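Engineer: Take a look at this one; I'll ask things after.
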Amino acid sequence: MEISTAIFYLVAAVTVGSAAMVAFSRNIIHSAFSLLGTFAGVAGIYVFLGADFVAGVQVLVYVGGILVLILFAVMLTHRITDVQITNRSAGRIPGLVVVAILFVLLVQSIGETPWAKAKEVVYKATTASIGDLFLGDYLLPFELASLVLLAALIGAVVLARQEIKE
Amino acid sequence: MAPLNYYLVLSAVIFAIGVAGVIVRRNVIVILMSVELMLNAVNLTFLAFARSFGSMDGQVIVFFVMTVAAAEAVVGLAIIIALFRHRRSLDPREMQLLKW
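Line by line, the protein sequences give chains E and D.
Yeah, the first sequence ends on 824 if you go by my numbering, and it's all consecutive.
Yeah, the second sequence ends on 263 if you go by my numbering, and it's all consecutive.
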């Protein structure tokens, strides 16, 4: 086995393991911190795929932004002492059956579809061509994305502010 | 480089775990985290295809997915905090004001 394949398996195992922790841990703090392993592992897989800039943004946005937000929400909504009652699960068996069916379907369709052959790709920096696409073909979606972010910002402020009653 | 199928199956595994989390868990924050897992799995698929088809469009779309994911997390968590303030609970089964 090549060393790169071994590293791929290692990163994939870390990612899947911590993803399972996120979804199935009984302690919500453990769930939140396992999310770090998943996000970082996915960033590692992005590097494998030659997407250097996306991997950097993944670390910045997900680990630096979304994860911190989620931790804030966890800390704001729980007294740390009553974690054990806050993360119950229910309806395990039917839910897991549905998920198993979904997973089998996905793997089946991945295996049966004749995907286009992977080209021999050279690793090169992707930043320049991403920038070209953003300000060229994808200019309108790019501007719309900034509008979405502005709306989310205002919405979050309006929703989460404390109302002060006179 | 590992073949395309490896990445697709890995992404399918993460996606299935995310769906399991959404279905099985009874805490809104964990459900939101599982949604983030699913979004990450989808991003992984986009990048794997972008790589194997030798096109950059997949990578650009990943940025839009990330934007929407960030917006979703921000607004979702704000709603969760507002809900918690009103009802002192994070159990989705107790949030049924619209049900009759």
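Cβ atoms here follow ideal geometry from the backbone N, Cα and C, with glycine treated the same way.
Here the structure is a predicted model, which means the values were calculated and not measured.
Quick check on DSSP: helix, strand or coil for D/F188?
Structural biologist: Here residue 188 of chain D is taken as the residue at index 25 of the second sequence, counted from 1. A quick correction: the sequence has Arg, not Phe, at residue 188 of chain D. Note: D/R188 maps to strand in three-state DSSP.
Engineer: Report the rounded CA-to-CA distance for D/G221 versus E/I822, giving the unit in angstroms.
Structural biologist: As a working mapping, residue 221 of chain D is identified with position 58 in the second sequence. As a working mapping, residue 822 of chain E is identified with position 164 in the first sequence. Between D/G221 and E/I822, the C-alpha separation is close to 46 Å.
Engineer: Could you give the C-beta distance for D/I243 and E/A731, rounded to a whole number, given that I count them as a contact under 8 Å?
Structural biologist: As a first step, residue 243 of chain D must be located in the second sequence, where it is residue number 80. As a first step, residue 731 of chain E must be located in the first sequence, where it is residue number 73. At roughly 6 Å, the Cβ-Cβ gap stays under 8 Å, so D/I243 and E/A731 are in contact.
Engineer: When burial is assigned at 16 or more other CB atoms within 10 Å of the CB, is E/G702 buried or exposed?
Structural biologist: If you number the first sequence from 1, residue 702 of chain E lands on position 44. Answer is buried; the Cβ neighbour count reaches 16.
Engineer: Using the rule of at least 16 other Cβ atoms within 10 Å of the residue's Cβ for burial, across every protein chain shown, is E/S783 buried or exposed?
Structural biologist: Within the first sequence, the letter at position 125 stands for residue 783 of chain E. It is Ala, not Ser, that sits at residue 783 of chain E in the sequence shown. Per the 10 Å Cβ criterion, exposed.
Engineer: Going by beta-carbon coordinates alone, are E/Y720 and E/A713 separated by less than 7 Å?
Structural biologist: Residue mapping note: residue 720 of chain E aligns to position 62 of the first sequence, counting from 1. Residue mapping note: residue 713 of chain E aligns to position 55 of the first sequence, counting from 1. Not a contact, by the Cβ cut-off of 7 Å.
Engineer: Check whether the region 222-241 of chain D and the region 802-809 of chain E touch, using three or more Cβ-Cβ pairs below 8 Å as the test.
Structural biologist: They touch, by the three-pair rule.
Engineer: Identify every run of the beta strand (DSSP E) within the region 693-729 of chain E, keeping only runs that are complete inside it and at least 3 residues long; order them along the chain.
Structural biologist: Complete beta strand (DSSP E) runs here, min 3: none at all.
Engineer: Note down, in chain order, every chain E residue with its Cβ under 7 Å from the Cβ of D/M229.
Structural biologist: Indexing the second sequence from 1 puts residue 229 of chain D at position 66. Those are V715 and V719, listed as they occur along chain E.
Engineer: Would D/A213 and D/F178 qualify as a contact pair, given that the criterion is a beta-carbon distance under 7 Å?
Structural biologist: Mapped onto the second sequence, residue 213 of chain D falls at position 50. Mapped onto the second sequence, residue 178 of chain D falls at position 15. Not in contact: D/A213 and D/F178 (Cβ atoms no closer than 7 Å).
Engineer: Step through the CB atoms of chain D and report whether any lies within less than 7 Å of the CB of E/I759.
Structural biologist: As a first step, residue 759 of chain E must be located in the first sequence, where it is residue number 101. False, the Cβ-Cβ gap to chain D never drops below 7 Å.
Engineer: Spatial neighbours of D/T208 within its chain, please: C-beta separation below 7 Å, excluding the five flanking residues on both sides.
Structural biologist: As a position in the second sequence, residue 208 of chain D is number 45, starting the count at 1. Cβ within range, chain order: L171 and S174.
Engineer: What residues in its chain sit with their C-beta under 8 Å from that of E/V654, if we drop five residues either side in the sequence?
Structural biologist: Chain E is shown only over 659 to 824; residue 654 of chain E falls outside these bounds and no answer can be derived.
Engineer: Tell me which residue opens and which closes the alpha helix (DSSP H) that E/Y667 is part of.
Structural biologist: Position 9 of the first sequence, counted from the first residue, corresponds to residue 667 of chain E. I661 to F682 is the extent of the alpha helix (DSSP H) around E/Y667.
Engineer: In chain E, what lies closer than 7 Å to D/V182 by C-beta?
Structural biologist: Residue mapping note: residue 182 of chain D aligns to position 19 of the second sequence, counting from 1. Result: V757 and L760.
Engineer: In three-state terms, what does DSSP make of D/A233?
Structural biologist: Looking up residue 233 of chain D in the second sequence gives position 70. Of the three classes helix, strand and coil, the one that applies to D/A233 here is helix, per DSSP.
Engineer: Can you pull the chain D residues whose beta carbon is under 8 Å from the beta carbon of E/T696, in chain order?
Structural biologist: Residue numbering aside, residue 696 of chain E sits at position 38 when the first sequence is read from its first letter. Under the 8 Å cutoff, chain D gives I177, L200 and N203.
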